[in-house]
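Sequence lines, in order, name chains A and B. Quick note on this note's numbering: the first sequence kicks off at 2 and runs consecutively. Quick note on this note's numbering: the second sequence kicks off at 2 and runs consecutively. Glycine included, each C-beta is placed from N, C-alpha and C at the ideal position.
Protein chains: 2
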Amino acid sequence: MLSPLHIGLVGASGAVGTELIHLFEKRNFPLRSLKCFGSKRSQGKKILFQQEEIPIEALTPSSFQGLDLVFFSAGSQVSKVWVPLALEQGVLVIDNSSAFRQDPDVPLVIPEVNPHLLKNKSSSLIANPNCATILLLMALAPLHRYAKLKRVIVSTYQAASGAGLQAMKELQEETLAVLENRPYLQRTIMPHPYAFNLFLHNSPLKEHGYLEEELKILYETQKILEDSTIQVGATCIRVPVLRAHAEAINAEFHAPISSQEATKILLKSPGIRLVKQAMPLEAAGQEEVLCGRIREDRSLPNTLDLWVVGDQLLKGAALNAIQIAECIRGIQTAPEPILSTL
Amino acid sequence: MLSPLHIGLVGASGAVGTELIHLFEKRNFPLRSLKCFGSKRSQGKKILFQQEEIPIEALTPSSFQGLDLVFFSAGSQVSKVWVPLALEQGVLVIDNSSAFRQDPDVPLVIPEVNPHLLKNKSSSLIANPNCATILLLMALAPLHRYAKLKRVIVSTYQAASGAGLQAMKELQEETLAVLENRPYLQRTIMPHPYAFNLFLHNSPLKEHGYLEEELKILYETQKILEDSTIQVGATCIRVPVLRAHAEAINAEFHAPISSQEATKILLKSPGIRLVKQAMPLEAAGQEEVLCGRIREDRSLPNTLDLWVVGDQLLKGAALNAIQIAECIRGIQTAPEPILSTL
Chain A
2 MLSPLHIGLV GASGAVGTEL IHLFEKRNFP LRSLKCFGSK RSQGKKILFQ
52 QEEIPIEALT PSSFQGLDLV FFSAGSQVSK VWVPLALEQG VLVIDNSSAF
102 RQDPDVPLVI PEVNPHLLKN KSSSLIANPN CATILLLMAL APLHRYAKLK
152 RVIVSTYQAA SGAGLQAMKE LQEETLAVLE NRPYLQRTIM PHPYAFNLFL
202 HNSPLKEHGY LEEELKILYE TQKILEDSTI QVGATCIRVP VLRAHAEAIN
252 AEFHAPISSQ EATKILLKSP GIRLVKQAMP LEAAGQEEVL CGRIREDRSL
302 PNTLDLWVVG DQLLKGAALN AIQIAECIRG IQTAPEPILS TL
Chain B
2 MLSPLHIGLV GASGAVGTEL IHLFEKRNFP LRSLKCFGSK RSQGKKILFQ
52 QEEIPIEALT PSSFQGLDLV FFSAGSQVSK VWVPLALEQG VLVIDNSSAF
102 RQDPDVPLVI PEVNPHLLKN KSSSLIANPN CATILLLMAL APLHRYAKLK
152 RVIVSTYQAA SGAGLQAMKE LQEETLAVLE NRPYLQRTIM PHPYAFNLFL
202 HNSPLKEHGY LEEELKILYE TQKILEDSTI QVGATCIRVP VLRAHAEAIN
252 AEFHAPISSQ EATKILLKSP GIRLVKQAMP LEAAGQEEVL CGRIREDRSL
302 PNTLDLWVVG DQLLKGAALN AIQIAECIRG IQTAPEPILS TL
C-alpha cells in the first residue's frame, strides 16, 4: 500500500468541491493532508473535514508545494491559469474543467470505460469529462464494445447543479417567489426565468449553430471511445430539476444489437443500474447511473433507444474524479470493462 | 355568412374546455347558444360566458337535440360512449380525445397542415390530433412538402397541462410543499413525485416497449401527412412545467434541405414563429408555435435539428379544435399551406 497523499482541492466550496470532500470521507480515501483553495468570495470560509476546520486559501504560485495530487474544480479559466503551475511543480492534477479535455496529450477518463489510459500514463494531468458525456458513455460504451457505435442522437434534460450551487439556490428561490406571486429579481446565473420553465443550455453558441455543451459531447465521445467516426448530434436543455441530469438517447450501431442483448450487457456493466423508471429524484445522491427503457428503435435497423439519469455532481463530476485518483493509486474503484461478448 | 351555431361543449370545466370558452369569446366565434356538459363532479358548477352563467349539465341521450356542433374534451372513454350518440342525431362533432383518431373514416386535422380534408368532408366527426403531434407537425409539415420527411427522432418535454387542471394544481402545491419542507400527500394524478423531477409520460406501456403517447405521435404523423413510410421514434417525458410542451426534433428528409431553406419556409408558414430562444414560459398563452434552433445535423445528410415549443392547451388542443370548426364554416382561420417552393 502506497503512503497517503497530500491533497489540494481548488474550488473547495463549490458544488463539486463539496461532493469531493464528502467522498474523501465516505470512501476513506488515503489522504494525509487536505488544502482547500477558492475564489476571493470564498476566502476565509472554512471547510469541515474529519472534524477539523480547514480554511479556504487563495491560490498563489507556492500553493502547490508539498502536494501530491490536486483536484481542480473551479471552471476552465482557473484551470488554464493554475494547472500548468501545479504540473511544473510535479503535482498530479485531476481537472474537472473543460480546459484540457481536447488536448491530445491529456487522457480524458471514465474509469469504467477507458481505465487503461491511467495504467501506462505518461501525463501528470488527467481530465474529467463533461457530466453529460460521462452519463451518456456509462450506458453506451459497453454497447459500443459489442456492436460498434455509429451515430447517437441525444436530447438532454440538465439540472441546475451543472451551473453550480448558486444556480440550485436560485431555482428554489425563484420557484418559491413564483408560487407566492412575488417578483424575483435576484437571478444572477441563468439567463432566463427558470421556475417552471426550460431553455437551451446556457453555454456559448459555437460553429454550425451548436452550443459549446453539445460540441463537448461530440468531441469527448470520439476521444474517449477512440473512434472519430462516431457521430453525435446533441440538443442540450436546462430543466428545472436540482441535481441529476437525464438523457434521451437514440443510438445506431454498425452491428445488430437487440434490446435483450443490450440489457444483458448493461446488467453486467459496472456503475449502471437498470430500472423501470429512472428519475432525477431517484438518481440524486446515488453513485450509480440509472438506465431505463432499453427499446429497439423500430424506425432503423441496429438502433436502440435508452433513457439514462445520473447525479451530475457525483458520477457526472466528483465521483468520476475520485475514481480516477483511486485507479491511479491502484485502488480497485470499478471492475474492469466487460468484454464484448454476452 | 352562415347563421350562428348552437354549440355543445363536453368537458366544459376542464383545462381544454376552459380555453375553448375563452377562445369563443376572443375569436368572436359565430355562436347562437352554448350548452355545457361535464362529469358528475362538475355538475351544478356554472361557466361564465358572455356575462351569462351557464350551468354544467350531465350528459343524457337527449343532450344533443337542437345542437349543430359539439366539442368533446373529456377523455376517450367519454367520447367512445357519447360521440356515436351525437353523430346519430346529426350533430357535427370535433373530438379532442384519442378515441377515433386512428379510424380511417375520421379525418385527423391540423388546419395549417391538411385543411383539404375539411373541404370535401364526408364525415360529421373530425378528430383533433394529440398535442405533441400537432406541435411536431406545425414545424415539420411545411418542410415535408419541400423535402419529403423520412425519419424523425423526437424527445418531448411535456407540461402538466396535458394531464389536466388538477395536475397543474398538484405540481404547484407539491413544489410549494417541497420548498417549505412539508410532506405532500395529496398527489392523485401523477404516478411519481413531480416537484423538481421528471419521468416517462404517464400513459400506458404498449407494444415493443413504447408508451401509448409515443405511438400516437408515430401513427398520427403518418395519417396526417398521408405517408405510412415516415418513421417516428419518440421518447415522451413529463417535465415540471405548467402549460407548454417542448420538443427536440431530429428530422431526416429524402431530399436535401439546408437550415437556410428550412428557415425561409418556416418564416412563411402560418402558425409558426421563429425565435432565438423558445421557452415554455414564453409560449404559454400564445397561439403561435415557437420554433428555434434550426440546425443542420452534421452527423447525417439531409437532416435538421429543430426545437419547438407550443402552448399545449391552445394550439395543442383548444385552438386547433376551434380552427377546425372555423374552417368547416368557411371562416379563414389560417392561411393555406404554402407550396413546396422557396
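Relative to residue 266/B, the option among 139/B, 19/B, 185/B and 109/B whose CA is nearest is 139/B.
Secondary structure at residue 146/A: helix, using DSSP grouped into helix, strand and coil. The three-state reading of DSSP puts residue 220/A in helix, counting H, G and I together. By the criterion of at least three beta-carbon pairs nearer than 8 Å, the region 128 to 138 of chain A is in contact with the region 217 to 229 of chain A.
For the region 165 to 189 of chain B, the set of residues with a beta-carbon nearer than 7 Å to any beta-carbon of chain A comprises 173, 176, 177 and 180, in chain order. Between the alpha carbons of residue 232/A and residue 109/B lies a distance of about 36 Å. By the criterion of a C-beta distance shorter than 6 Å, residue 213/A is surrounded in its chain by 204, 205 and 207, once the five residues flanking it on both sides are discounted. Judged by DSSP in its simplified three-state form, residue 294/A adopts strand. Closer than 8 Å to the CB of residue 297/A there is at least one CB belonging to chain B. Under the 10 Å beta carbon count, residue 78/B is surrounded by fewer than 16 other beta carbons and is classified as exposed. When beta bridges are read from the DSSP output, residue 54/B appears opposite 49/B.
The beta carbon of residue 241/A is closer than 8 Å to those of 161, 172, 176, 195, 196, 197, 198 and 199 in its chain, skipping five residues each way along the sequence.
With respect to the 8 Å criterion, residue 248/B and residue 155/B are classified as neighbours on the basis of their beta carbons. Among the residues of chain A, those whose CB is under 9 Å from the CB of residue 232/B are 298, 299, 300 and 301, following chain order. Using beta-carbon distances, residue 225/B does not count as an interface residue toward chain A, since no partner is under 8 Å.
Residue 142/B and residue 225/B have their C-alpha atoms roughly 9 Å apart. Assigned with DSSP and collapsed to three states, residue 246/B falls in strand. With a beta-carbon spacing of about 7 Å, residue 303/A and residue 255/A fall inside the 8 Å limit used to define contacts. Look at residue 312/B: its C-beta is not under 8 Å from any C-beta on chain A. If you compare the alpha carbons of 22/B, 41/B, 39/B and 89/B with that of residue 32/B, the shortest gap goes to 22/B.
The DSSP-derived three-state label of residue 61/A is coil. Ranked by Cα distance from residue 188/A, the options 202/A, 201/A, 181/A and 169/A are led by 169/A. Of the residues 40/B, 41/B and 55/B, the one whose Cα lies closest to the Cα of residue 47/B is 55/B. Taking residue 306/B as the centre and dropping the five residues before and after it, the same chain places the C-beta of 251, 296 and 298 closer than 6 Å to its C-beta, in chain order. Note that the region 57 to 75 of chain B touches the region 9 to 25 of chain B; at least 3 beta-carbon pairs, one per stretch, sit closer than 8 Å.
Of all residues in the region 140 to 161 of chain A, those with a C-beta nearer than 7 Å to a C-beta of chain B are 152, 154, 156 and 158, reading in chain order. Shown here, residue 17/B sits in a helix according to DSSP, grouped into three states.
Of all C-beta pairs linking the region 323 to 332 of chain B to the region 258 to 275 of chain A, fewer than three are shorter than 8 Å, placing the two stretches out of contact. Across the structure, residue 210/B and residue 277/A are spaced so that their CA atoms are roughly 11 Å apart. Residue 264/B is outside the set of residues whose beta carbon lies under 8 Å from a beta carbon in chain A. Cβ neighbours of residue 34/B within its own chain (closer than 6 Å, five residues either side excluded): 7. Interface criterion not met: the Cβ of residue 274/B is under 8 Å from no Cβ in chain A. For residue 237/A, the secondary structure class from DSSP, reduced to helix, strand or coil, is coil.
Interface annotation for the region 49 to 76 of chain A against chain B: empty, criterion Cβ-Cβ distance under 7 Å. Scanning its chain for C-beta atoms nearer than 6 Å, with the 5 sequence neighbours on each side dropped, one finds around residue 185/A the residues 175 and 178, in chain order. The CB of residue 239/B never comes closer than 8 Å to any CB in chain A; the least such distance is about 10 Å.
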